[in-house]
Each structure stands twice: as C-alpha cells, then as structure tokens.
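A.B. asks: Okay, so the sequence shown: first residue is 1435 according to the working numbering, each after it adds one.
Glycine is no exception: its CB is placed at the ideal position from the N, C-alpha and C atoms.
Computed from a predicted structure; not experimentally measured.
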Amino acid sequence: MKNVESKRYGMFELLTTLESEPSDEFAQEIVRHLSMLKTELKHYFPDVTCCAYIANPFSVDPTDLPVGTGEQEELIDVQADEGAKTKHKECSPINFWVSMASSYPTLARHAVPQLLIFPSTWECEQRLSAMLTIKSKSRNRFAASGHDFRCAVSKVMPRIEQLVEKKQMQPSH
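Here you go:
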C-alpha cells in the first residue's frame, strides 16, 4: 500500500504499460482494495507471532504476547525455570505443555489446543495412505475383503494365538 500511495506501481504490470499515470482517485481505490484484502487475509491467516512460544518458549520475547492476559508473566516464569528447559529438551511440544499445565495454566490452555490439530491431520493422511494401498492391491485380486482397511488403521493388535486356541482345528464327526 505504501508503494501505491507514493505512486510506485511496479507490482501492477498492466498498469505500468499505460501511457498516462493513474488518477489519485484510482490510486485511492487500489489502496482501499488492498486494505480490505489485508483484513480478509488476516481473518483466514491469523498472526502466528502470538503462538511462536508454543514450539519454543525459550526463544520468544515475552513482550510479543498480549498484555493483561497473564501470558507474559507466565512466559517469563517458564524462561527462568531450569526444570522446564530440561523438560522441553527431552519431550515433544505437546507433552511439554501437558506436563506444564499445572504450573503455567494460561500458556498451556492456549498451547495444547493448537498442538492437537497436527496429530489428527497426520492420522487422516495415514488412513488415506492405507486406503489407497489396500484399494490398489484389491484391484489386482478377484475378491477383496472389506476388513483390510479396519485392520490397517486399527491400533489394536490382534491376539492370533488366543483366536487359534479357541478355534476347533478339525470338525468332529
């Protein structure tokens, strides 16, 4: 917007090909449109500097956090806590913030929901990959079992030995 206000239109290639310079009203219309676009983009893509402490609370300036919410004070306390530094090095961000929930509830209350988004996305991708693998294999067979997908994505391990023991090997005569 600053470029348009100072009448530099280099980013608008077609506009620079005109022989005459755009009018002030036209420039104001471009600025208005760009500011509306900026507002809309902020709605869909919020500023992530407020959440930078989630990944590494020890590399963020506490003054970047909102004032009056208690987050600044807690971040200062986290950064001074040697036990938290050690814990952060030893475990993943989600495990770190879950373990810090009792000590730093304001930060943890904000961090945990942000971090829970990623495992669910990963699980969806994992299941889609399993489904694609099974479907491509089943197209090469005459009969495909519908249970393959459930077995591929289930976290429950089958107890084959127990199933075999319960199954009668030969029918009685």
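Measure the Cβ-Cβ separation of Ala-1514 and Trp-1531 and say whether it is below 7 Å.
C.D. replies: In this structure, Trp-1531 does not lie closer than 7 Å to Ala-1514 by Cβ.
A.B. asks: Can the beta-carbon of Ser-1538 be found less than 7 Å from the beta-carbon of Glu-1508?
C.D. replies: Here the sequence assigns Tyr to residue 1538, which means Ser is not the residue at that position. It is a contact, given that the beta carbons lie within the stated cut-off.
A.B. asks: Thinking C-alpha only, which one of Asn-1490, Gly-1502 and Cys-1525 is nearest Val-1512?
C.D. replies: Asn-1490
A.B. asks: I'd like the list of long-range same chain contacts for Ile-1510, defined as Cβ closer than 7 Å, with 5 residues on each side in sequence excluded.
C.D. replies: Pro-1496
A.B. asks: Measure how close the beta-carbons of Ile-1488 and Gln-1548 come, nearest whole angstrom, since I'm counting them as under 8 Å.
C.D. replies: 6 Å
A.B. asks: Near Val-1438, what residues of its chain come up, given a Cβ to Cβ distance below 8 Å and the 5 sequence neighbours on each side ignored?
C.D. replies: Ala-1461, Ile-1464, Val-1465 and Leu-1468
A.B. asks: Round the Cβ separation of Ser-1533 and Lys-1521 to the nearest angstrom and send it over; I've been treating them as touching at under 8 Å.
C.D. replies: 6 Å
A.B. asks: Which word fits Val-1494, buried or exposed, when buried means at least 16 other C-beta atoms lie within 10 angstroms of its C-beta?
C.D. replies: A residue is called buried once 16 or more other Cβ atoms fall within 10 Å of its Cβ, and Val-1494 is buried on that count.
A.B. asks: Classify Leu-1448: buried if its beta carbon has 16 or more other beta carbons within 10 angstroms, exposed otherwise.
C.D. replies: exposed
A.B. asks: Report the three-state DSSP secondary structure of Ser-1588 (helix, strand or coil).
C.D. replies: coil
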